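**Q**
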Amino acid sequence: MKRFSLRSVVLSLTVLCLSACGCARGADGPKDSTAQENDALVVLNYGKYLDETVIQMFEEETGIDVKLEEYESPEEMYTKFKAGSIAYDVVCTSEYMVERLISEGEANEIDFSRFTYYKNLDPEIIEATKTFDPETKYALPYFYGTLGILYDTTIVSPEEVTTWNILWDETYQDSIIMQNSVRDTFVPALRLSGSDINTENPDELSAAADLLIRQKPIVYAYYVDETADEMAAGNAAMALVYSGEAAYAKELNEDLAYSVPEEGSNLWIDSWFIPKSCKNQENAEKFLDFLCREDTAMLNFEYVWYGTPNLRVKEALDEETLMDATIFPTPEILANCEVFRQFGQDTTALYSYLWKKLKSE
Amino acid sequence: MRRLMRQLLAGPYIVWIIGFILLPVAVILYYAFTSDTDSFTLKNIAAIADPVHVKSIVLSLKLGFSCTLVCLLLAYPLAMILSSFKFRHQSFVVFLFILPMWMNFMLRILSWRLLLSNNGLINTFLEWTGIGRVKMLNTPASVVFGMVYDFLPFMILPIYNSMTRIKDDIIEAAKDLGANRLTILIKIIVPLTLSGIISGVIMVFVPALTSFVISDLLGGGKVLLIGNVIEQEFMQGTNWNLGSGLSVVLMIFVIASMALMNIFDKDGGAAVW
Numbered sequence: 001m002k003r004f005s006l007r008s009v010v011l012s013l014t015v016l017c018l019s020a021c022g023c024a025r026g027a028d029g030p031k032d033s034t035a036q037e038n039d040a041l042v043v044l045n046y047g048k049y050l051d052e053t054v055i056q057m058f059e060e061e062t063g064i065d066v067k068l069e070e071y072e073s074p075e076e077m078y079t080k081f082k083a084g085s086i087a088y089d090v091v092c093t094s095e096y097m098v099e100r101l102i103s104e105g106e107a108n109e110i111d112f113s114r115f116t117y118y119k120n121l122d123p124e125i126i127e128a129t130k131t132f133d134p135e136t137k138y139a140l141p142y143f144y145g146t147l148g149i150l151y152d153t154t155i156v157s158p159e160e161v162t163t164w165n166i167l168w169d170e171t172y173q174d175s176i177i178m179q180n181s182v183r184d185t186f187v188p189a190l191r192l193s194g195s196d197i198n199t200e201n202p203d204e205l206s207a208a209a210d211l212l213i214r215q216k217p218i219v220y221a222y223y224v225d226e227t228a229d230e231m232a233a234g235n236a237a238m239a240l241v242y243s244g245e246a247a248y249a250k251e252l253n254e255d256l257a258y259s260v261p262e263e264g265s266n267l268w269i270d271s272w273f274i275p276k277s278c279k280n281q282e283n284a285e286k287f288l289d290f291l292c293r294e295d296t297a298m299l300n301f302e303y304v305w306y307g308t309p310n311l312r313v314k315e316a317l318d319e320e321t322l323m324d325a326t327i328f329p330t331p332e333i334l335a336n337c338e339v340f341r342q343f344g345q346d347t348t349a350l351y352s353y354l355w356k357k358l359k360s361e
Numbered sequence: 362m363r364r365l366m367r368q369l370l371a372g373p374y375i376v377w378i379i380g381f382i383l384l385p386v387a388v389i390l391y392y393a394f395t396s397d398t399d400s401f402t403l404k405n406i407a408a409i410a411d412p413v414h415v416k417s418i419v420l421s422l423k424l425g426f427s428c429t430l431v432c433l434l435l436a437y438p439l440a441m442i443l444s445s446f447k448f449r450h451q452s453f454v455v456f457l458f459i460l461p462m463w464m465n466f467m468l469r470i471l472s473w474r475l476l477l478s479n480n481g482l483i484n485t486f487l488e489w490t491g492i493g494r495v496k497m498l499n500t501p502a503s504v505v506f507g508m509v510y511d512f513l514p515f516m517i518l519p520i521y522n523s524m525t526r527i528k529d530d531i532i533e534a535a536k537d538l539g540a541n542r543l544t545i546l547i548k549i550i551v552p553l554t555l556s557g558i559i560s561g562v563i564m565v566f567v568p569a570l571t572s573f574v575i576s577d578l579l580g581g582g583k584v585l586l587i588g589n590v591i592e593q594e595f596m597q598g599t600n601w602n603l604g605s606g607l608s609v610v611l612m613i614f615v616i617a618s619m620a621l622m623n624i625f626d627k628d629g630g631a632a633v634w
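Chain order of the listed sequences is A and B. The numbering of the first sequence is the numbering used here, which starts it at 1 and goes up by one. The numbering of the second sequence is the numbering used here, which starts it at 362 and goes up by one.
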């Protein structure tokens, strides 16, 4: 118990600092965050992942105040959430983190039968959420996409990027950007050696790490947030990125294109769940239902430009947007993609070790 | 009564020192010597012997030494020149060297990333002159460069300060006694500025050894210093015990290097201790 209390003290301190940023952000929001603290619905989401107008509309229509808190990475969200100093009502995060929190008993069941607009969602995407939420009773899919290669069409031809092997091609010395996050960077190596991206077999993981160590001399850098900007600036020929980032980079530089190699990749589904700390389950469900409505889902789609599971929104889109495989992966691509699963502790530790080994080479 | 009032003035600092120095160190020590099941263990400390960690600490020491050496070689002659200026605006010139510190250091490092990148200003210029592009960014050398750029003022200032304290009379006396310039430098100036050099070395070497931001930004995630390993253990691997264990080892390295410098500093003038 002692350890728990010590850790929570440290976590609270961390959150104190983190929430200082959060408050600063909230301050320029539409609502005074201190007003009616008890009734306000506290929403925890990625930064810039929800149109402010949607929140205003929700507040006007239901009279429920919304307090939006933002974070950068799922790991940061986990730290914030676990500290427990703020009782969140609804949380949006990556599917593997949702799975982790479900397994830790942190999620409340959601009664989707009470939803008016749940039927707007694509049954196929709901089916895909079963990998991390087998009975589809905890998670509501929000946006989805793939992991692939963003490439500069003036240097690399589209035929070349149909395979992950291109990332090992020495002609692109110092022109390849990989992800500075362990699971994503392992995907190409695992797929090339024919392993499942969720494998927990130490030999397969070591083999993939060896492949990545061989690749390191030709890698320009391991970046996360910088990737899109570096690609737009023409500093590299290819980058391993999420489709959402690819869409953003393509807006900055029209020479860029995105491809998901044939060996298969990762399908990510950012989802909402209602945590145990929720004070008003009904309001939280109302909010989630509201997000599924055509008009609000459209506003959010136009704000974020990621693949939306909302069929009504897709019906309203023009052909060009729908055919854009960066936003909406084709069925062939999806058939080859898998969702990340949360690992046991041993595999997490092994991943962390192999990652250090790769970085120290 | 008056004395009590005066002691109360130290109150805020005592709160500070307990809350932000002693308590965190205690927490780090607690984590370092316990396992995730809360039992006592030395394995987090022993983990430094792991080849991956050895590699990163050796690299940290190597880059730290190079950075300190380059800073010293740049700063010493500069401080000499600055202190020999006998004109009114001497302090203004010193001020110019500190001026960059007014800007956030992250911003300055980020701008170096733009300058050094494959398509950056410097490479564009090199291509135009016909030399051709050089890969500069994301190498250990670019990390050392960033560290030197950031920490140079910390080397210049203490050396410059100790340099200005040397009275002209002493130099003149040496000249009268027939010492040549080299003898003056080795026998008089260097010994008299030793405390400044040592302060400078500590103030550059310690942050260079523990840095992880510069290696992240200018190393492109390819240069793994011990600071990066610790950061990863806390932020990604969520193994706080291992991260704390490695931090304790790093603290030992820092204290050892400061103690080592203190041996050289016979008059105990190093301001840092």
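Even for Gly, the Cβ is constructed at its ideal location relative to N, Cα and C. Please read these numbers as outputs of a predicted model, since none were measured by experiment.
Measure how close the beta-carbons of A/Val260 and A/Thr131 come, nearest whole angstrom, since I'm counting them as under 8 Å.
**A** Contact flag wrong, Cβ pair sits at about 18 Å.
**Q** So the beta strand (DSSP E) A/Trp268 belongs to, where does it begin and stop?
**A** Segment 265-275, the beta strand (DSSP E) holding A/Trp268.
**Q** Please list the terminal residues of the continuous alpha helix (DSSP H) segment that includes A/Pro141.
**A** It is not in any alpha helix (DSSP H) - A/Pro141 instead sits in the beta strand (DSSP E) that spans 140-152.
**Q** Consider the Cβ of B/Glu488: report whether some Cβ of chain A lies at a distance smaller than 9 Å.
**A** B/Glu488 does not count as touching chain A.
**Q** In three-state terms, what does DSSP make of A/Thr326?
**A** In the structure shown, A/Thr326 sits in coil (DSSP, three-state: anything other than H, G, I, E or B).
**Q** Suppose you measure from the CA of A/Met97 to the CA of A/Phe343; what does that come to, to the nearest Å?
**A** If you take the alpha carbons of A/Met97 and A/Phe343, they lie about 10 Å apart.
**Q** Give the DSSP bridge partners of A/Gly307, in chain order.
**A** In the DSSP output, where bridge partners are listed per residue, A/Gly307 has A/Tyr144.
**Q** Quick one, which of B/Leu430, B/Val413, B/Gly581 has its alpha-carbon nearest B/Phe566's?
**A** Considering only alpha carbons, the answer is B/Leu430.
**Q** For my contact list, B/Val590 and B/His414 are in at a C-beta cut-off of 8 Å; report their separation, rounded to the angstrom.
**A** B/Val590 to B/His414, Cβ: 6 Å. Contact.
**Q** Would you check if the distance between the CB atom of A/Asp289 and the CB atom of A/Thr116 is smaller than 9 Å?
**A** Yes; because the gap between Cβ atoms is below 9 Å, this pair is in contact.
**Q** Please list the residues of the segment 81-101 of chain A that have a C-beta atom closer than 8 Å to any C-beta atom in chain B, keeping them in chain order.
**A** Correct list: empty, as no residue qualifies.
**Q** Out of curiosity, what's the CA-to-CA distance linking B/Val509 and B/Gly425?
**A** Whole-angstrom Cα-Cα distance: 10 Å.
**Q** What does the Cβ neighbour count give for B/Trp489, buried or exposed, with the cut at 16 atoms within 10 Å?
**A** Per the 10 Å Cβ criterion, exposed.
**Q** Mind pulling the chain A residues with CB within less than 8 Å of B/Leu585?
**A** Correct list: Lys356, Lys359, Ser360.
**Q** In chain order, which continuous runs of the alpha helix (DSSP H) of length 4 or greater are located wholly inside the segment 60-99 of chain A?
**A** The segment 60-99 of chain A contains these whole alpha helix (DSSP H) runs: 74-83.
**Q** Do you know how far the Cα of B/Leu553 is from the Cα of A/Tyr368?
**A** Outside the displayed span of chain A (1 to 361) sits residue 368 of chain A, for which this structure offers no information.
**Q** Starting from the N-terminal side, write out each stretch of the alpha helix (DSSP H) that is 4 residues or longer and does not extend beyond the segment 367-436 of chain B.
**A** Complete alpha helix (DSSP H) runs here, min 4: 372-378, 384-393, 404-407.
**Q** Answer with yes or no whether the minimum CB distance from A/Thr348 to chain B is below 9 Å.
**A** True, the Cβ-Cβ gap to chain B drops below 9 Å.
**Q** With 16 as the cutoff for other CB atoms within 10 Å, does B/Tyr374 come out buried or exposed?
**A** Exposed is the call here.
**Q** At what residue ranges does the segment 475-552 of chain B contain a whole run of the alpha helix (DSSP H), taking only runs of 4 or more?
**A** 482-490, 501-525, 529-537, all fully within the segment 475-552 of chain B.
**Q** Which bits of chain A does B/Gln368 rub up against, with CB to CB less than 8 Å?
**A** Here the premise fails: no neighbours, minimum Cβ distance about 28 Å.
**Q** Give the interface partners of B/Val413 over in chain A, defined as CB-CB distance under 8 Å, in chain order.
**A** Here the neighbours are Tyr353, Lys356, Lys357, Ser360.
**Q** Listed from N- to C-terminal order along the chain, which residues in the segment 495-508 of chain B have their beta-carbon within a distance smaller than 9 Å of any beta-carbon of chain A?
**A** Listed by position, the residues of the segment 495-508 of chain B near chain A (Cβ gap below 9 Å) are Lys496, Leu498, Asn499.
**Q** Does the distance from the CB of B/Ser503 to the CB of B/Gly582 come in under 9 Å?
**A** Result no, Cβ atoms of B/Ser503 and B/Gly582 do not sit closer than 9 Å.
**Q** Roughly how many angstroms separate the alpha carbons of B/Leu621 and B/Cys428, rounded to a whole number?
**A** If I take the Cα positions, the gap works out to 18 Å.
**Q** Take the Cβ of A/Gln173 as the centre, count every other Cβ of all protein chains shown within 10 Å, and call the residue buried at 16 or more, exposed below.
**A** Classification of A/Gln173: exposed, given that the 10 Å Cβ count is below 16.
**Q** Against chain B, which members of the segment 41-52 of chain A pass a CB distance test of less than 9 Å?
**A** Answer in chain order: no residues at all.
**Q** Three-state secondary structure (DSSP) at A/Cys292?
**A** Of the three classes helix, strand and coil, the one that applies to A/Cys292 here is helix, per DSSP.
**Q** Spell out whether any CB of chain A is found under 9 Å from the CB atom of B/Glu592.
**A** No, B/Glu592 lies away from the interface with chain A (no Cβ there is under 9 Å from its Cβ).
**Q** Just checking: is the beta-carbon of B/Thr571 within a distance shorter than 9 Å of some beta-carbon in chain A?
**A** Answer no: the Cβ-Cβ gap between B/Thr571 and chain A never drops below 9 Å.
**Q** If A/Tyr138 and A/Glu109 are in contact, beta carbons under 8 Å, what's the gap, nearest whole angstrom?
**A** So it is a contact: roughly 6 Å between Cβ atoms.
**Q** Which term fits B/Ser400, buried or exposed, when burial requires 16 or more other beta carbons within 10 angstroms of its beta carbon?
**A** Exposed.
**Q** Taking Cβ-Cβ distances shorter than 8 Å, what residues in chain B pair up with A/Tyr223?
**A** Residues of chain B passing the Cβ test: Gly581, Gly582.
**Q** Expressed to the nearest angstrom, what Euclidean distance is found between the alpha-carbon atoms of A/Ala368 and B/Ile470?
**A** No information on residue 368 of chain A is available, as it lies outside the stretch 1 to 361 that chain A covers here.
**Q** What span of residues does the beta strand (DSSP E) with A/Ile177 cover, start to end?
**A** Here the beta strand (DSSP E) through A/Ile177 covers 176-179.
**Q** Counting only beta-carbon separations shorter than 9 Å, does A/Cys21 have a partner in chain B?
**A** Confidence is the limiting factor: at A/Cys21 the pLDDT is only 42, short of 50, which leaves the residue's position unreliable, though a coordinate-based value still follows. Judged by the 9 Å Cβ criterion, A/Cys21 is not in contact with chain B.
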